[in-house]
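Below is one structure, written out as structure tokens; comments come after it.
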Amino acid sequence: MNSKTADRIATGAFIAIAIIIVSILAGLFFYIFINGLKYISFDFLTTPSSNVRAGGGIRDQLFNSFYILFITMLITVPIGIGGGIYMAEYAKPGKVTDLIRTCIEVLSSLPSIVIGMFGLLVFVNTTGWGYTILGGALALTVFNLPTMVRTTEDAIRAVPRDLKEASLALGITHWHTIKTVILPTAFPSILTGAILASGRVFGEAAALLFTAGLSTPRLDYANWNPFSEQSPLNIFRPAETLAVHIWSVNTQGLIPDVEAVSSGSAAVLVISVLIFNLGARWIGSIIHKRVTATK
Amino acid sequence: MAIQTLTRDIFDVKDLNLWYGDHHALKGINFPIQKKEVTAMIGPSGCGKSTFLKTLNLMNKMIPSVKITGEVNFDGQNILNPKTDLVELRKHVGMVFQKGNPFPQSIFDNVAYGPRIHGIKKKKHLDEIVTKALMDVALWDEVKDRLSAPALGLSGGQQQRLCIARALATKPDVLLMDEPTSALDPISTLKIEELIFELKEKYTIVIVTHNMQQAARVSDKTAFFLMGELIECDDTAKIFSMPKDSRTEDYITGRFG
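The following block contains the structure:
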């Protein structure tokens, strides 16, 4: 076989693989949307769920998903970026640094159900909080943090060394160089890392079952006092997320319209992830363009 | 300071030795560098000329395995003293690199970067500094209408002049240039050389170059490095017409390197 034929076969094989990937994704979306879109209505999105009767909505679950995501990222992003900066800029190469890196990798590959059990022991029982949004967010942080640290470290290492040298040679301190040159340059990759981490939070059920719980108290969306029991903003209340809701109606739901609620929820979940992804990228590119002065 | 009034040396390097791990990269260098002159350093690859340049603003302290002994006196202070404030030193000793390395920001922000972080906040003051620095490097006319455009959109030669402007904006006394034209076309190279000629009115310039014609064109003093040793340092005219050392002669006549 001559090299031209080999080249043609290789090109064909890669195109075939790409088509397979795209068709799996398209098929999945198509299936979810065909099954779910017909159940999505304004009522479905704005009424609370019901345990026994048909016609319940997913208002609280949808809010909980976004709120847990928000709290998780509030903890994960600063600590993760800080850890990544440390690993890339301050940690001296050696056995201790290698050990830290190994620990981070192991942590990110722990099964989420194990993290859920750990969360139950620590954030639910030891603290005495019971099932809470904060407990759920902390459990999610446990497996999101390593990803965040790793992507930040890689993003910083990918910044050209001569930019760092140029800044230091101007008599700029290490910290200012990180803040004004390195982080803005690494920003797009760090953002991608944060978006991937967020996607996991949206879809996670196992780690939240035992930490944020399977129920949501009666919420009053006019109550914005975060210390009030009825307030949706209270971080010390149980909160069932959309992913957990899908799991629970399918396994132990007593409502007659299980099919409708779970298909509708699945479609809403996928659409939410899509909107969040595209939105985050769009905002990210605006910020990046402003910083780098590109149009 | 009394010594300073007697000599015009801004740098006085005494018995400088430098190791990268086990590699002895600079061997017993003694080298005074005079104020407001252009000193060129020539020599084959790996002779230590760039290493020497990066010792003058201690950029090579970034390499973990580096070990430096001897004295590097800048304005009468030995900068090898561990107490040396690197930030302060580098404000006085600016550097221009081999390849133009502007930050991925606007043209204005690149030049304003140093002064801004060193505490100049007023827009009007920054405007003055940026305008002056860009005029100094003869880039003002080319970019004055698009100061907010990205610096990475400039040509290679313009980027390099922008980097020189960025270094000048922090008002250094000395400008170190590490092969500043090696990545540029002949016309851009000529512009940078003209610039060096004008800048020496105000600044002390130390330039590393691969190009002997360039050393002959722009410098007052030329130093020839070989295998980590400073072989010879003298007026440029003398080095190129009647070098004392036969190795210098061999190098500049192209017999090796």
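Protein chains in written order, with full-length UniProt numbering: chain G, 1 to 295; chain D, 1 to 257. Each residue gets a CB set at the ideal place from its N, CA and C atoms; glycine is no exception.
Reference residue i, options the options, closest by Cα
i, options, result
"I235/G", "L254/G, G213/G, K164/G and W247/G", "G213/G"
"I172/G", "C47/D, G28/D and V93/D", "V93/D"
"residue 296/G", "V270/G, I275/G, I286/G and G279/G", "No answer is possible for residue 296/G: it lies beyond the span of chain G, which begins at 1 and ends at 295."
"S265/G", "F29/G, S23/G, I15/G and Y39/G", "Y39/G"
"E240/G", "R101/G, A205/G, T180/G and F42/G", "A205/G"
"P238/G", "I287/G, I182/G, L140/G and L134/G", "L134/G"
"A267/G", "I9/G, A18/G, L45/G and V291/G", "L45/G"
"I196/D", "K36/D, K54/D, K27/D and F31/D", "K36/D"
"L209/G", "A139/G, A155/G, P184/G and N144/G", "A139/G"
"G119/G", "V142/G, M73/G and I17/G", "V142/G"
"I205/D", "L175/D, M227/D and P44/D", "L175/D"
"R90/D", "L152/D, D141/D, I79/D and A138/D", "I79/D"
"S272/G", "E229/G, A243/G and I81/G", "A243/G"
"I156/G", "I85/G, K179/G and A197/G", "I85/G"
"G70/D", "D141/D, D15/D, D250/D and R8/D", "D15/D"
"N73/D", "Q34/D, P186/D and M227/D", "Q34/D"
"V218/D", "A25/D, T39/D, V13/D and G21/D", "T39/D"
"residue 316/G", "L28/G, F29/G, L145/G and G55/G", "Absent from the structure is residue 316/G, since the part of chain G shown begins at 1 and ends at 295."
"P232/G", "C103/G, R59/G, R53/G and T292/G", "R59/G"
"M62/D", "Y20/D, L126/D and G156/D", "Y20/D"
Per-residue DSSP class, three states only, for residue i
i, result
"N206/D", "Per the sequence shown, residue 206/D should be read as Val rather than Asn. Correct three-state label for V206/D: strand."
"L80/D", "coil"
"F187/G", "helix"
"L136/D", "In the sequence on display, residue 136/D carries Asp and not Leu. In this structure, D136/D counts as helix in the three-state DSSP scheme."
"K36/D", "coil"
"G254/D", "coil"
"T211/G", "coil"
"M1/D", "Since pLDDT at M1/D reaches only 41, below the 50 mark, its modelled position is unreliable, and the value read off the structure follows with that caveat. In the structure shown, M1/D sits in coil (DSSP, three-state: anything other than H, G, I, E or B)."
"I58/G", "coil"
"A16/G", "helix"
"Y221/G", "coil"
"E179/D", "coil"
"K244/D", "coil"
"A205/G", "coil"
"I235/G", "coil"
"A266/G", "helix"
"L6/D", "Because L6/D sits at a pLDDT of 49, beneath the cut-off of 50, its placement in the model cannot be relied upon, and the following sentence gives the value as read from the coordinates. In this structure, L6/D counts as helix in the three-state DSSP scheme."
"P172/D", "coil"
"D257/G", "coil"
"C233/D", "strand"
"N17/D", "strand"
"F66/G", "helix"
"M212/D", "helix"
"H24/D", "strand"
"P150/D", "strand"
Buried or exposed (CB count within 10 angstroms, at least 16 for buried), residue i
i, result
"T11/G", "exposed"
"I34/G", "exposed"
"I3/D", "Residue confidence is low: I3/D scores 45 on pLDDT, short of 50, so the model does not pin down where it sits. No coordinate-derived value is stated."
"F202/G", "buried"
"M148/G", "buried"
"H245/G", "buried"
"A126/G", "First, the residue type needs correcting, since residue 126/G is Thr and not Ala in the sequence shown. Label assigned to T126/G: exposed."
"F103/D", "buried"
"Y221/G", "exposed"
"S45/D", "exposed"
"Y90/G", "exposed"
"W175/G", "exposed"
"residue 309/G", "With chain G running from 1 to 295 in the structure shown, residue 309/G is simply not present."
"R161/G", "exposed"
"T57/G", "It is Gly, not Thr, that sits at residue 57/G in the sequence shown. Answer is buried; the Cβ neighbour count reaches 16."
"residue 258/D", "Residue 258/D lies beyond the residue range present for chain D, which begins at 1 and ends at 257; the question has no answer from this structure."
Mind checking the region 166-200 of chain G against chain D and listing, in chain order, the residues whose C-beta falls within less than 8 Å of any C-beta there?
Contacts with chain D (Cβ-Cβ distance below 8 Å) from the region 166-200 of chain G involve A166, S167, L168, A169, L170, G171, I172, T173, H176, T180, V181, P184 and T185, listed in chain order.
What residues in the region 98-125 of chain G bring their beta carbon closer than 9 Å to a beta carbon of chain D?
none
Which residues, in order along the region 232-251 of chain D, keep a beta-carbon less than 7 Å from a beta-carbon of chain A?
Absent from the structure is chain A; the protein chains it does hold are G and D.
For the region 53-108 of chain D, list the beta strand (DSSP E) runs that are entirely contained and at least 3 residues long, ordered along the chain.
66-74 and 93-96
Going along the region 137-171 of chain G in order, which residues come within less than 8 Å of chain D, judged by CB to CB distance?
Of all residues in the region 137-171 of chain G, only P160, D162, L163, E165, A166, S167, L168, A169, L170 and G171 come within less than 8 Å of chain D when Cβ atoms are compared, listed by chain position.
I'd like the ranges of any alpha helix (DSSP H) spanning at least 4 consecutive residues and lying wholly in the region 87-163 of chain G.
95-108, 112-119 and 133-157
With 8 Å as the limit, tell me which residues of the region 276-294 of chain G have their beta carbon closer than that to any beta carbon of chain D; keep them in chain order.
V291, T292, A293 and T294
Identify each residue in the region 167-200 of chain D for which the Cβ-Cβ distance to at least one residue of chain G is less than 9 Å, and report them in chain order.
For chain G, the residues of the region 167-200 of chain D that bring a beta carbon within less than 9 Å of one of its beta carbons are A167, A169, T170, P172 and L176, in chain order.
If contact means a Cβ-Cβ distance below 7 Å, which residues of the region 46-59 of chain D contact chain G?
N57 and M59
Output needed in chain order: residues of the region 139-169 of chain D with a Cβ under 9 Å from some Cβ in chain G.
S148, A149, P150, A151, L152, G153, C163, R166, A167 and A169
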